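Participant:
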Amino acid sequence: MKKIIFYYKALLFVLDLFYRGILILFLPRKLLNKYFTKIANNWAKRLVQIAHVNIEIIGLDRFDPKGNYIFTANHSSMFDIPILMSIVKSSFRIIYKKELEKIFFFGPVMKRTPFISVIRDNSKNAMQSVQLALKEIQSGTSVMIWPEGTRSEDGSLGEFKRGAFYLAARSGKPIVPVTIINAYKILPKGRLEFKSGVNVKVIFDEPIECPENMDRIQEKEMMNSIKQIIGNNIELYS
18 MKKIIFYYKA LLFVLDLFYR GILILFLPRK LLNKYFTKIA NNWAKRLVQI
68 AHVNIEIIGL DRFDPKGNYI FTANHSSMFD IPILMSIVKS SFRIIYKKEL
118 EKIFFFGPVM KRTPFISVIR DNSKNAMQSV QLALKEIQSG TSVMIWPEGT
168 RSEDGSLGEF KRGAFYLAAR SGKPIVPVTI INAYKILPKG RLEFKSGVNV
218 KVIFDEPIEC PENMDRIQEK EMMNSIKQII GNNIELYS
């Protein structure tokens with residue numbers, strides 16, 4: 018019975034992805050740019066519904082929903098992305114691994130979105146991606162970044178990479194630390210079968226303003242400070 022339910026939900030997910038993917042692939046660019054955030058937000062909500070994820074949100078009133086920020090979250094599951102996308106209503110961009118563009122159908126869809134690809138082991142490309150993100154955030158768009166760069170297997174916090182904090186230093190935009198609890202239980206790293214009915218907490222902390230002309234030492238201090246905030250939340254709410 019569990020297998021039947023899983024395949025049914027997987028079919029719903031594929032059909033929904035196909036429908037929204039077709040929209041993204043064939044909508045004229047002007048219409049896509051206008052409606053993309055709504056399409057992405059609705060897709061994320063639908064995926065969360067299909068998986069019966071129960072989300073408790075803490076701290077949503079701590080930032081202006083119309084403001085633009087650098088949302089910096091921990092990463093333990095592919096579901097981290099739709100969970101966060103289903104909550105944030107303002108225009109946003111994510112930085113994603115370029116390897117995703119090799120996936121059948123999904124790859125061309127990702128390439129047509131305004132999201133930003135990055136080659137993880139190529140520092141020159143990574144910096145170009147950060148520059149694109151900088152351009153987007155200066156135009157009034159929020160950016161979602163997972164500074165660990167890869168998913169943990171058990172929800173623990175990995176090492177942070179510099180990109181989000183370099184972006185904050187150059188853009189002058191505040192960073193919102195985001196902690197996602199229990200998402201790894203929905204779709205653990207290395208598995209395709211997701212678990213229904215998982216209770217997830219999403220904690221938004223107060224936006225952290227960036228000092229003007231922040232140097233590399235200050236970037237590192239901010240990185241460590243945000244990592245500690247997220248780490249403390251994982252200990253407190255797990």
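Going left to right, the sequence shown walks through residues 18 to 255 as the working numbering numbers them.
Glycine is no exception: its CB is placed at the ideal position from the N, C-alpha and C atoms.
Owing to the predicted nature of the structure, the values given are computational and were not obtained by experimental measurement.
Comparing alpha-carbon positions, which option in Ala181, Phe211, Ile198, Ile104 lies nearest isoleucine 192?
Facilitator: For the purposes of this step, residue 192 is taken as the residue at position 175 of the sequence shown. Cα-wise, what sits closest to isoleucine 192 is Ala181.
Participant: Distance, Cα to Cα, threonine 130 vs phenylalanine 53?
Facilitator: Mapped onto the sequence shown, residue 130 falls at position 113. Mapped onto the sequence shown, residue 53 falls at position 36. Near 8 Å, if we compare the C-alpha coordinates of phenylalanine 53 and threonine 130.
Participant: Considering only residues of the stretch 61 to 143, which uninterrupted alpha helix (DSSP H) runs meet the minimum length of 4 residues and lie entirely inside it, listed in chain order?
Facilitator: Segments of the alpha helix (DSSP H) lying fully in the stretch 61 to 143: 97 to 104, 123 to 129.
Participant: Would you kindly report the start and end of the unbroken beta strand (DSSP E) that includes lysine 212?
Facilitator: By 1-based counting over the sequence shown, the position of residue 212 is 195. Segment: none, lysine 212 is in no beta strand (DSSP E) and carries neither H nor E.
Participant: Please say whether leucine 204 and serine 103 have beta carbons closer to each other than 8 Å?
Facilitator: The count along the sequence shown starts at 1 and reaches residue 103 at position 86. The count along the sequence shown starts at 1 and reaches residue 204 at position 187. In this structure, leucine 204 does not lie closer than 8 Å to serine 103 by Cβ.
Participant: By Cβ distance, which residues of its chain are closer than 8 Å to serine 255, with the 5 residues on each side in sequence left out?
Facilitator: As a first step, residue 255 is located in the sequence shown; it is residue number 238 there, counting from the start. Answer for serine 255: Gly172, Ile198, Asn199, listed in chain order.
Participant: Shortest alpha-carbon distance to valine 219 belongs to which of Lys178, Ile243, Pro194?
Facilitator: Counting from 1 along the sequence shown, the entry for residue 219 is found at position 202. When each option's Cα is compared against that of valine 219, the closest is Pro194.
Participant: Taking C-alpha atoms, which residue in Gly157, Gly214, Lys47, Lys212 lies nearest to glycine 84?
Facilitator: In the sequence shown, the residue the question calls residue 84 occupies position 67. When only C-alpha atoms are compared, the closest one is Gly157.
Participant: Work out the CA separation of glutamine 155 and lysine 115 for me, nearest whole Å.
Facilitator: Your numbering for residue 115 matches position 98 in the sequence shown. Your numbering for residue 155 matches position 138 in the sequence shown. About 23 Å.
Participant: Does DSSP put serine 255 in a helix, a strand or coil?
Facilitator: Here residue 255 refers to the residue found at position 238 of the sequence shown. Three-state result, serine 255: coil.
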